[in-house]
Amino acid sequence: MHKNKPEFIHDIQIGIGDVCKITGVSGRQLRYWEERGYIHSLDDPKSSVRKYSLDILYKVGSIKHFIDEGYTLAKAVEKSEQRSKEMMVVRHFMVDCLKEVKVTDLKKGYGELELGTYAGQKVVGIRDENGSRFEMRPLEEK
DNA sequence: GTTCTTACA
DNA sequence: TGTAAGGA
799 MHKNKPEFIH DIQIGIGDVC KITGVSGRQL RYWEERGYIH SLDDPKSSVR
849 KYSLDILYKV GSIKHFIDEG YTLAKAVEKS EQRSKEMMVV RHFMVDCLKE
899 VKVTDLKKGY GELELGTYAG QKVVGIRDEN GSRFEMRPLE EK
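To convert, count from 1 in the first sequence and add 798; that's the numbering used here.
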C-alpha cells in the first residue's frame, strides 16, 4: 500500500485499487461517488491518478455498510455522515467518563467499563455473554 | 499491471 | 453499474 512509511496518518495515501479491495466498492462506484460530490480524492495537480485519505477510506466503508443495509446511495451517505457526527459525541463522552476498562474476553469483546459515579455508587458498563448493560455498585471503602 | 475517460447493451 | 476500448 505504501513504499515509504508515512510520518503522520494524514500523509497516508491509498490507491483506488486498495480502496476497492478493502471496502468492496468498485472503482466505477468510487469515481461516480466522487463525481456526485459524496467523496473526494486527494487532489494532485501532477497526476490524474486518484489517491484517498484514511478518512475517506473509512467513509467509503461506512457508506458501503448502509448500502448493504438496503439504503440508496444518497441515503447511505446521509446515514454515514449522521453516524460520523454521532460517534464524535460518543468518543468525547467516553474519553471524559471512562475511568478504567477491564477486559474479560478479548476475542469476544467482553469486559467491564468503569464509567464514574452516580448517586453515591459506581456506574459500571458490562459486556458479556448476556449482552451489554449497566450495573450500579457500592463504592469500595478503603 | 493499474488507472483513466468515454461510451454503451 | 459493469464492462470494453484505447491511451497514459
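For every residue, glycine included, the Cβ atom is placed at its ideal position computed from N, Cα and C.
Buried/exposed call for residue i, threshold 16 Cβ in 10 Å
i, result
"F932", "exposed"
"Q880", "exposed"
"K857", "buried"
"S878", "buried"
"I812", "buried"
"Y836", "buried"
"I865", "buried"
"R889", "exposed"
"R848", "buried"
"T821", "buried"
Rounded distance between the beta-carbons of residue j and residue i, thought under 8 Å
i, j, result
"G929", "V921", "Not really, about 17 Å apart at Cβ, beyond 8 Å."
"I810", "L828", "Contact flag wrong, Cβ pair sits at about 17 Å."
"I861", "H838", "Not confirmed; about 13 Å, so no contact."
"Y850", "V823", "Actually they do not touch by this definition, with Cβ atoms about 11 Å apart."
"G918", "L937", "7 Å"
"I924", "L852", "Actually they are not in contact, since the Cβ atoms of I924 and L852 sit about 32 Å apart, beyond 8 Å."
Residues that DSSP places opposite residue i in a beta bridge
i, result
"L921", "According to the sequence as given, residue 921 is Val; it is not Leu. Answer is M934."
"L840", "Beta-bridge pairing links L840 to no other residue."
"T821", "Answer is none; T821 lacks a bridge partner."
"D903", "Y908"
"I812", "Y850"
Item to check | Segment contact flag, the region 892-911 with the region 873-880, C-beta cutoff 8 Å, min 3 pairs | outcome: no
Checklist entry - In chain order, which continuous runs of the alpha helix (DSSP H) of length 4 or greater are located wholly inside the region 869-900? => result 871-895
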